[in-house]
Amino acid sequence: MGETMEAPVASAMRTDAPPAIRLEGVNKWFGALHVLRDINMTVATGERVVVCGPSGSGKSTMIRCINRLEQHQEGRIVVDNIELSDDLRSLDAIRREVGMVFQSFNLFPHLTVLENCTLAPIWVRRMPKKEAEALAMEYLERVRIPEQAAKYPGQLSGGQQQRVAIARALCMKPKIMLFDEPTSALDPEMIKEVLDTMVMLAGTGMTMICVTHEMGFARQVADRVVFMDRGEIVESGEPEAIFSNPQTDRLKLFLSQILRGH
Amino acid sequence: MSDIAAGGVPAPAPGAASRRAPIITTGPVAWVRANLFNNWLSTAVTLLLAYLIVRWTLGFIDWAFVNAVWSVPIVNGQAQTAACREIKGVGACWAVVTEKHRFILFGTYPFDEHWRPALVCLLFVALYVVSAMRRFWSWVLVPIWIGTLTLIGVLMWGGILGLTYVPQERWGGLPITLILATFGLAFAFPLAVLVALGRRSRLPAIKMLCILYVELIRGVPLISLLFMASVMFPLFLPEGMNIDKLLRAQVAMILFAAAYLAEVVRGGLQALPKGQYEAADALGLSYWQKTGFIILPQALRLVIPPLVNTFIGFFKDTSLVLIIGIFDLLTAGKTAIVEPAWQGFGVEVYVTIGVIYLVFCFAMSKYSQDLERDLNAHRRR
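Here the protein sequences come in this chain order: A and B.
Going by my numbering, the first sequence opens with residue -17, and the numbers climb by one from there.
Going by my numbering, the second sequence opens with residue 998, and the numbers climb by one from there.
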């Protein structure tokens, strides 16, 4: 991989608390295409899971099902003790507790960085404007770009935009954070600043699911690595076990391709 | 050595101290030389066109100003237009406008009460100016609009506050045009936004209803809608019930404009990346919060040019009410030259009316350009 092994971040996983996320027998089709096949997964409170796999393996679809950007057709998804259903109130409750960071940032280009961060706390959490702004500045400082608060997203670099997106999600004080390939759209020199932010976040004990191919990051913070291929969870385990001792041919092939790519 | 072949000038030797500045190839003189006089053919075309432009401009100035007749004597209430007839074709007879301007502007509104429609026109213009200023863009505008439009209604109708009552049949001219356009757009635009959102609704009934509305209205000429509103619609009303003709035309125009505007707005909605919807959803914003804060502000900015295009088209389309006998600016102008004394001086009247339309439309167009630049400042780096 060519990167130095950084000090692992201590796990904040709590097995005594009820699980943060539970997927039971989840199936999903896009038309005739069976994209998720019998997904069973439990994520404990404070656990950090890295999901990897070749493109088209269903990993993005899986985490997008957790906050219902996609709808699953079979099985149960329980988030923070609330089952996802057609009931809009349960969906609102879940989305308030689950933050999401996208591959293409998806900041609101017509709002300033600060407004991007305060919009949802003000309107969804009903937080007073002053309080929301103070909170936003706190998180912008934590992702180390408070000086950009008055700028528009278009004026920032990709790495800065992604850090704003992380701050924006954190301003809702979510219990769970989902990352959908957060560094895939970034230039190599900007990947590190975003990964550093995510490592910092991991240190706070946040429950995280990250779809990423950054194996260094997985080694450093993941409690568990899940390997998906063709809509199935093929292997799952501690990072060392997964990377050093893959059991299946599919994972071996994937790892060899990833390593060659770097 | 490609640099020599291409430019004909050798590249400076490394460490060369200085060299002469290149020949200026920008600026107005260089542009004229490069584009208008770069060979004999283009020089000839340039000179020919310049000659024609100068000639026509001088001809127009002669007609419109030098040889023009600005007023004619009135004998026994009859305009003596002999002077105008003499110079017909050589000079403009602005006397028709001088004489008839109050009729053209205010139609058959009682002559002594003309200050009322005049004030109404000023109120409309003031309303446009205030609404155009971004510092007033807040809820303040709602009471301002309601107040002004109510005041306009009071002024036009009268019947209270010591104003004499003027029935709608006697209204005419510019106020009618402004009423049709302003009320038309004020109601059509919100309706259009709702229809555009409805066309993308997940509820099939709403979606079908909106598609049906747009396709039905868009597939019919405005004139036939106006006919329906003025002739057919009253047939369906119960005996004795009567809805104001102007109001019927107004509703028809609102429905028509909204169908077109809805498609423009939908274009903006389509152009937004899916990620914007997803990010708003993921943050837990409700449908109306998402639509109001994220989707519409961006979608509407994207479609300012076609939106204003439709606005301008609609402003001019109000003149079609002529067909059903509503006395708008154009109808008033047309009627002004029916009088035998003034027959044959249509050009002057139509030029005047054209200028009035142009002023309003050009203002809209200019304002939209500024708005577009200001509102899209966030896209500049």
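The beta-carbon is built from N, C-alpha and C at its ideal position, and this holds for glycine as well.
* To do: Going by CA-CA distance only, name the one from Asn1064/B, Pro1025/B and Cys1090/B that's closest to Val1348/B.
  => Cys1090/B
* Out of Arg(-4)/A, Val33/A, Phe12/A and Ala2/A, which has the shortest C-alpha to C-alpha gap to Phe199/A? -> Val33/A
* From Leu51/A to Leu1219/B, what does the alpha carbon distance come to, in whole angstroms? -> 42 Å
* To do: Measure the beta-carbon distance from Leu1177/B to Asp1367/B and round it to whole angstroms, keeping in mind my assumption that it falls under 8 Å.
  => Going by Cβ atoms, the distance from Leu1177/B to Asp1367/B rounds to 26 Å, so no, they are not a contact pair.
* What residues in its chain sit with their C-beta under 8 Å from that of Ala1115/B, if we drop five residues either side in the sequence? -> Leu1102 and Phe1103
* Asked: Which chain B residues are close to Met154/A, counting only those with a beta carbon under 9 Å from its beta carbon?
  -> Leu1280 and Gly1281
* Between Val216/A and Gly35/A, is the Cβ-Cβ spacing less than 9 Å? -> yes
* Asked: Using a beta-carbon distance below 9 Å, is Ser72/A in contact with chain B?
  -> no
* **Contact list for the stretch 80 to 94 of chain A against chain B, Cβ threshold 7 Å** => Met82, Phe84, Ser86, Asn88, Phe90, Pro91 and His92
* Asked: For Ser1015/B, does the count of other Cβ atoms within 10 angstroms reach 16, so buried, or fall short, so exposed?
  -> exposed
* Asked: Using a C-beta to C-beta distance shorter than 8 Å, which residues of chain B count as neighbours of Asn63/A?
  -> Ordered by position in chain B, no residue passes the 8 Å Cβ test against Asn63/A, which lies about 17 Å from the chain.
* Name the one or two DSSP bridge partners that Ile1071/B has. => Ala1076/B
* For Asp1383/B, does the three-state DSSP call read helix, strand or coil? -> An answer regarding residue 1383/B cannot be provided, because it is not within the stretch 998 to 1378 covered by chain B.
* Name the residues in the stretch 91 to 123 of chain A whose C-beta lies less than 7 Å from a C-beta of chain B; which are they? -> Pro91, His92, Leu101, Ala102, Trp105 and Val106
* Asked: Between His16/A and Asn22/A, is the Cβ-Cβ spacing less than 9 Å?
  -> no
* Asked: Considering only residues of the same chain and omitting the five flanking positions on each side of Ile1214/B, which have a CB-CB separation below 7 Å?
  -> Leu1252, Phe1253 and Ala1256
* From the beta carbon of Phe1267/B, is the nearest beta carbon of chain A less than 9 Å away? -> The residue asked about is misnamed: residue 1267/B is Gln in this sequence, not Phe. No, its Cβ sits nowhere closer than 9 Å to a Cβ of chain A.
* Asked: Among Gly1088/B, Ala1246/B and Gln1077/B, which residue has its Cα nearest to the Cα of Gly1056/B?
  -> Gly1088/B
* Asked: Where Cys153/A and Leu1209/B are concerned, what is the direct C-alpha to C-alpha distance, given to the nearest angstrom?
  -> 43 Å
* Any idea if Leu1175/B is buried or exposed, counting beta-carbon neighbours within 10 angstroms, 16 or more meaning buried? -> buried
* How many angstroms separate the CA atom of Pro4/A from the CA atom of Pro221/A? -> For the sequence presented, residue 4/A should be read as Arg rather than Pro. Answer to the nearest angstrom: the Cα atoms are 21 Å apart.
* To do: Anything in the stretch 132 to 143 of chain A with a Cβ closer than 7 Å to a Cβ of chain D? List those residues in chain order, please.
  => Absent here is chain D; the protein component of the structure consists of chains A and B.
* **Three-state class that DSSP yields for Cys99/A in the structure shown** => helix
* chain B contact residues for Arg78/A, given Cβ-Cβ distances below 8 Å -> Gly1281
* To do: Give the C-beta separation of Val176/A and Thr165/A to the nearest angstrom, bearing in mind that I take them to be a contact with Cβ-Cβ under 8 Å.
  => 5 Å
* Asked: What is the rounded straight-line gap between the Cα of Cys99/A and the Cα of Ala118/A?
  -> 6 Å
* Asked: If we cut at 9 Å on Cβ distances, does Ile1291/B have a partner in chain A?
  -> yes
* Asked: Leaving out the 5 sequence neighbours to the left and right, which residues in its chain are closer than 6 Å to Thr1332/B when beta-carbon positions are compared?
  -> none
* **Gln239/A versus Met(-5)/A, Thr27/A, Ser37/A and Ala(-8)/A, residue with shortest Cα-Cα distance** => Ser37/A
* Asked: Distance, Cα to Cα, Ala1360/B vs Val1217/B?
  -> 30 Å
* Asked: Taking Cβ-Cβ distances below 9 Å as the criterion, which residues of the stretch 40 to 60 of chain A are in contact with chain B?
  -> Arg46, Asn49, Arg50 and Leu51
* Asked: How would you list, in chain order, the residues of chain A whose beta-carbon sits under 9 Å from the beta-carbon of Pro1294/B?
  -> Phe90, His92 and Leu93
* Within the stretch 77 to 143 of chain A, note down every full beta strand (DSSP E) run reaching 3 residues or more, in order along the chain. => 80 to 83
* Would you check if the distance between the CB atom of Leu1280/B and the CB atom of Arg150/A is smaller than 9 Å? => yes
* C-alpha gap between Gly1341/B and Val1248/B, whole angstroms -> 35 Å
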